[in-house]
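K.L.:
Take a look at the following structure, please.
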Amino acid sequence: MNTDFKGIIIGGGIMGTSLAYHLILEGWSDVLLLEKGELASGSTWHAAGQITHSTSSYGLASMTKYGTRKYAELESET
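In this note's numbering, each residue carries its 1-based index in the sequence shown increased by 3.
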């Protein structure tokens, strides 16, 4: 088993899995994702399906817009 990783991500919720996905897209091949249970079974599971476009934060609005577009791409990739 490999014990050397360029990146180690703790937590397999929406943020951890998204970070792992994007690092792999950037060419990182040695990323470890650690999760104590099933993927997306913690806080992410409780907020499933809640996407809001109303926010006073430009950063959150940008991430929401990107995430909404990304869902269609992810469906075709998997």
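Glycine included, every Cβ here is placed at the ideal spot set by N, Cα and C.
Buried or exposed: I40, going by 16 or more other Cβ atoms within 10 Å of its Cβ?
P.N.:
One point to set straight first is that residue 40 is Gly, not Ile, in the sequence displayed. Exposed, by the Cβ-count rule.
K.L.:
Would V34 and A43 qualify as a contact pair, given that the criterion is a beta-carbon distance under 7 Å?
P.N.:
no
K.L.:
Any idea if G15 is buried or exposed, counting beta-carbon neighbours within 10 angstroms, 16 or more meaning buried?
P.N.:
buried
K.L.:
Rounded to whole angstroms, how far is the Cβ of I12 from the Cβ of L37, which I believe are closer than 8 Å?
P.N.:
Contact flag correct, Cβ pair sits at about 7 Å.
K.L.:
Exposed or buried, what is G62 when buried is set at 16 or more other beta-carbons lying within 10 Å of its beta-carbon?
P.N.:
exposed
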